[in-house]
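Following my numbering, the numbering of the sequence shown begins with 266 at its first residue and continues without gaps.
Everything on this sheet refers to the single structure shown next.
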Amino acid sequence: MRMTQVAAAALTLVASLGADAGTFQQTATGIEVRPDSGAKVVRLNLMSDNIVQVVKLDQADKTLTPSLMTVAKPCASSCAFTVTPGKDSVQLKAGKIAATVSLKDGQVAFFDAAGKRFLAQASESMTPVTVGGKPFVAIKQGFNHGTKDAYYGLGQHQNNQMNYNGEDVLLQQHNMIAAVPFVVSDKGYGVLWDNNSISRFGDQTPYDHMSRDLVLRGADGKSEGLTARYYIGGKLALTRQEKDIDYQYLKDLDDNWPKELGPHKELKDVRVVWEGTMSSDKPGVHKMQLYSSDYAKLTVDGKEVMDVWRMGWNPWYHNFEVKFAKNKPVKLHLEWKPSGGMVAITHNNPLPSPERHSLTLSSEIAEGINYYVISGENMDRAIAGYRHLTGQQPMMPKWSYGFWQSRQRYETQQQLLDTVSEYRKRGWPLDNIVQDWFYWPEDGWGSHDFDKTRFPDPKGMVDAVHKQNARIMLSVWGKFYANTDNYKEFESKGFMWTKNVENGSRDWVGKGYLNSHYDPYTKEARDIYYRQMKTKLVDLGFDAWWMDNTEPDVLSNSRLEDFKELIGPTVYGAGEITFNPYSLVSTGAMADGLARDQPDKRQFILSRSGFAGIQRHSVAVWSGDTVGRWNNLYDQIASGTNMSMSGVPNWTHDIGGYAQEVRYQTGDVGSAQENRVTSRADANPEDMKEWRELNQRWFQFGAFTPLFRSHGEVVKREIYNIANGDDAMRDNMVWYLKLRYRLMPYIYTMAADTHYASGTMMRGLVMDFPHDEKVKNIKDQYMFGPSFLVAPVYEYKATSRQVYLPAGADWYDFHTGERFKGGASRTVQAPRERMPLFVKAGSVITAGPVTQYVDEKPDAPVTLFVYAGANGVATLYEDDGVTNAYQRGEASRIPIAYDDKTGVVQIGERAGQYKGMPMKREFKVRLIKPGVSTADNLDAADKSVSYDGKAVTIKL
266 MRMTQVAAAA
276 LTLVASLGAD
286 AGTFQQTATG
296 IEVRPDSGAK
306 VVRLNLMSDN
316 IVQVVKLDQA
326 DKTLTPSLMT
336 VAKPCASSCA
346 FTVTPGKDSV
356 QLKAGKIAAT
366 VSLKDGQVAF
376 FDAAGKRFLA
386 QASESMTPVT
396 VGGKPFVAIK
406 QGFNHGTKDA
416 YYGLGQHQNN
426 QMNYNGEDVL
436 LQQHNMIAAV
446 PFVVSDKGYG
456 VLWDNNSISR
466 FGDQTPYDHM
476 SRDLVLRGAD
486 GKSEGLTARY
496 YIGGKLALTR
506 QEKDIDYQYL
516 KDLDDNWPKE
526 LGPHKELKDV
536 RVVWEGTMSS
546 DKPGVHKMQL
556 YSSDYAKLTV
566 DGKEVMDVWR
576 MGWNPWYHNF
586 EVKFAKNKPV
596 KLHLEWKPSG
606 GMVAITHNNP
616 LPSPERHSLT
626 LSSEIAEGIN
636 YYVISGENMD
646 RAIAGYRHLT
656 GQQPMMPKWS
666 YGFWQSRQRY
676 ETQQQLLDTV
686 SEYRKRGWPL
696 DNIVQDWFYW
706 PEDGWGSHDF
716 DKTRFPDPKG
726 MVDAVHKQNA
736 RIMLSVWGKF
746 YANTDNYKEF
756 ESKGFMWTKN
766 VENGSRDWVG
776 KGYLNSHYDP
786 YTKEARDIYY
796 RQMKTKLVDL
806 GFDAWWMDNT
816 EPDVLSNSRL
826 EDFKELIGPT
836 VYGAGEITFN
846 PYSLVSTGAM
856 ADGLARDQPD
866 KRQFILSRSG
876 FAGIQRHSVA
886 VWSGDTVGRW
896 NNLYDQIASG
906 TNMSMSGVPN
916 WTHDIGGYAQ
926 EVRYQTGDVG
936 SAQENRVTSR
946 ADANPEDMKE
956 WRELNQRWFQ
966 FGAFTPLFRS
976 HGEVVKREIY
986 NIANGDDAMR
996 DNMVWYLKLR
1006 YRLMPYIYTM
1016 AADTHYASGT
1026 MMRGLVMDFP
1036 HDEKVKNIKD
1046 QYMFGPSFLV
1056 APVYEYKATS
1066 RQVYLPAGAD
1076 WYDFHTGERF
1086 KGGASRTVQA
1096 PRERMPLFVK
1106 AGSVITAGPV
1116 TQYVDEKPDA
1126 PVTLFVYAGA
1136 NGVATLYEDD
1146 GVTNAYQRGE
1156 ASRIPIAYDD
1166 KTGVVQIGER
1176 AGQYKGMPMK
1186 REFKVRLIKP
1196 GVSTADNLDA
1206 ADKSVSYDGK
1216 AVTIKL
């Protein structure tokens, strides 16, 4: 038996208990184990009474670099725990979690407060790799092989995945992807994976071209590779065999495009068709991906798998699965119509079933394995554990939950001001107007100057917006032209990534300009970044900051190995070591600077990328440059819901999709990126019908997401523009706009809970109905707060859709008043003007009147919509909406309870107060019974009462 020596501050010493077992010692915050095999050291640190950190190292004396994502420290004195040796193992136990470590191989298992095991290690690897001349390890940790547990979170993705059990998810920042390495289970536990490099959930093996794993044969069934036919102007120009479909990046197009056809950029009306078969000696379900932009139609064994479109400059993956019998050919047919886009198909072999259905995380580069396990009573408590570790969500300004009008872009100061004036003239609610990019001179990206001809008085513009009781957000980037003074300052201090400039790469603006991004991974660099903006932008009085391109996309569509060279080096080493956290550290630069200069102002930052911890910087994330297609609308439902369940509660999306097909670009259109020419063609009536219906359906969905924001390029997005000539569409959009404002008391209380209770606004059904197995895989519905079930319509010409009403509650149709018992699916009518919306029986919805902006009528009456059929409780939260006084306790809450048996509504005594709080107000109550429509008369009330802060009761 070997004994372990302990240092004098020394903590409890424990020897190993078996001849072949390792050793352990108790530390101030947990235990350290040196097992006989596997990791050299396994450290467990208690972070709270329900959270344990696990660190596994391949070298005993290694020290980890401080975490970027976490802010919590181990609880050395505030958490009670015990350490208990067992046969060949040792257990660390706290109030709500216990962890057992094997002394033989270092494997860890986790138990809840009742002693029930919920997570058990099943696989592990640490493989030495060299990156930038320094030693690291590629890591993998797998748990719960063969589990039926459902998994959610992992950030924002674009493949309509809700439950990740059995799925693969690439955690790699991209225009539309926000990689947040936090996964939460339907059983109430969560795992935060502390790693900054490209990571994966599911299969550790990167997807690659089909030929790596599959046998490809041409159209004749014999020739190696696929048969590729190139058509120019409708005529067959070339037929050849190709090893793979390999136009994934711009360099691939340059290298692989048939030279005999001439430069691909100069060709018009091109169509490429690949035909052939795939076969594998590994039977089973294989996961595959179509990586594409422009029009692509994929058929497998005669069945159309997908018909997709994306704008050429922004391709991404579309997942699909193919079932293979051993060595039996499967037909493949892909048709692609390129106009500047890219295409490829990638593949991975199937995993053994137990590993396929597991919680497995891996990373390409690490110093060691480092993760946190959270034991929660439910999913909300697991997400609260994530916030404890990575930072709490501050209160956002109340106006941010109103309506935002944006487009790419307002080309002049006057265009922006006219938009605000038009909304006010029409009496339509509006809280925020957005100035997108390119307000600077053409050669001045990163100068922070306004183009004086188009924006002659930026301060006057801001003041004019404020005079109309609206706010204004400005787009700012981490990108700088090499000719600007700001670039030169960063470069002189070693804080600019210069490789892109050294390569001579130019962007798409005008003649093209040399550019790159600043390196935010030192405090001095972040301070410079903010200081450069302060006098030219911050001091003008803008209300919010749109930090675009925070992945960052230094050079679009670069090969991955080339791109990694563009985002480094940093103080941590080569760029790929910190592939994912750019958005976290760069938004921190803005948040910290604003906190110093405007200490009592609530801040708001919108970021195109996100990472674990970003919520602590008052950041909301949006889903990037999506497209105006029905499948992309569908994708946003799961994307936003899983982002919210990742612990980042403020999420939004471009209503209508950022880009659209040329067939929709008609009439009076706005600007387009990348020097592209808009069509301004005559409208095809059927195309316009589809475009308007798509936008109307997307707008309905947007009204019930955390942030309500209309944005996109080319086609102007203002309601009066996009619905011009379609009065029914316009009136319906305005109805949903006004409904959003009526529901502001409910929405703002829900938003307050994200701060005070680590709450989640956009909730997967599983969060509130974890015992209903049927909800776990539902991708197209969600809860908006505790009461509303939202079922967006995402199919063209659909006038009804299936809606599943979860078991354990009764449900009211918001529009018809019908009441249904939960636990079954129903066909719900959904004419163009109506999105299916249900309210849980027992709900008490706080609502107010329509206002032009959120704080127009602070003393307005509050209406309580009470849904009979169950007891219910609610809260009305209020504060001043704009300052940080809430941090000093300046806020109020009014509790509300409904007793279904007696029909009594109790409005409780108000707790707290704040400056400007209405001391008296009227409460109206409307009882919703079966057959009573809420939507038909939102101003109706059954009773009303005057309230002065003291408890009152209302008998219905």
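Quick reminder that beta carbons are idealized off the backbone N, C-alpha and C, glycines included.
All values reported here derive from a predicted model rather than from experimental measurement.
Extent of the continuous beta strand (DSSP E) run through residue i
i, result
"Tyr1142", "1137-1143"
"Asn584", "581-589"
"Asn613", "608-613"
"Val1217", "1217-1220"
"Ser488", "Where Ser488 is concerned, there is no enclosing beta strand (DSSP E), given that its DSSP letter is neither H nor E."
"Phe383", "382-396"
"Gly295", "295-299"
"Asn768", "Asn768 -> no beta strand (DSSP E), and no H or E assigned at all."
"Asn697", "697-700"
"Phe401", "399-408"
C-beta contact flag for residue i and residue j at 8 angstroms
i, j, result
"Ser936", "Arg674", "yes"
"Asn780", "Trp710", "yes"
"Ile639", "Asn315", "yes"
"Gln581", "Val537", "Note that residue 581 is Trp in the sequence shown, not Gln. The answer is no: Cβ separation not under 8 angstroms."
"Met543", "Met441", "no"
"Trp811", "Met738", "yes"
"Glu978", "Tyr923", "yes"
"Ser388", "Leu479", "no"
C-alpha gap between residue i and residue j, whole angstroms
i, j, result
"Met994", "Gly1073", "36 angstroms"
"Glu531", "Leu695", "45 angstroms"
"Val685", "Trp664", "15 angstroms"
"Glu297", "Pro971", "43 angstroms"
"Arg1007", "Ser872", "28 angstroms"
"Met644", "Gly1050", "14 angstroms"
"Lys593", "Asp468", "24 angstroms"
"Asn768", "His1080", "59 angstroms"
"Val434", "Leu616", "14 angstroms"
"His622", "Ile463", "21 angstroms"
Residue environment, residue i, which counts as buried when at least 16 other CB atoms sit within 10 Å
i, result
"Trp773", "exposed"
"Asn1136", "exposed"
"Asn997", "buried"
"Val730", "buried"
"Asp804", "exposed"
"His439", "buried"
"Ala275", "Low per-residue confidence applies at Ala275: pLDDT is 35, beneath 50, and the placement is therefore not dependable enough to give any value."
"Gly567", "exposed"
"Ala590", "exposed"
"Glu1143", "buried"
For residue i, the nearest candidate out of the options (CA to CA)
i, options, result
"Ser302", "Met391, Lys381, Val336", "Met391"
"Tyr899", "Ala345, Arg791, His422", "His422"
"Val934", "Asn986, Arg646, Gly1050, Asp1207", "Asn986"
"Thr504", "Val892, Tyr1077, Gly483, Asp414", "Gly483"
"Gln259", "Leu805, Val884, Ala854", "Residue 259 lies beyond the stretch modelled for the chain, which goes from 266 to 1221, so this question has no answer here."
"Ser1157", "Asp1164, Lys1166, Tyr1163, Asp1145", "Asp1145"
"Gln372", "Met334, Gly287, Gly295", "Gly287"
"Ala1016", "Asn915, Arg1099, Ala561, Asp323", "Asn915"
"Lys381", "Asp326, Tyr454, Met953", "Tyr454"
"Arg881", "Gln863, Ala856, Asn897", "Ala856"
"Ala1089", "Pro400, Arg1099, Val1068, Lys1105", "Val1068"
Residue i - containing alpha helix (DSSP H), residue span
i, result
"Ala856", "847-862"
"Thr521", "Per the sequence shown, residue 521 should be read as Asn rather than Thr. First-last of the alpha helix (DSSP H) with Asn521: 515-521."
"Thr906", "895-909"
"Ala729", "723-732"
"Glu951", "950-967"
"Arg867", "No alpha helix (DSSP H) holds Arg867; DSSP gives it neither H nor E."
Beta carbon proximity, residue i to chain D, threshold 8 angstroms
i, result
"Gly1050", "The displayed structure is made up of one protein chain only, and chain D is not part of it."
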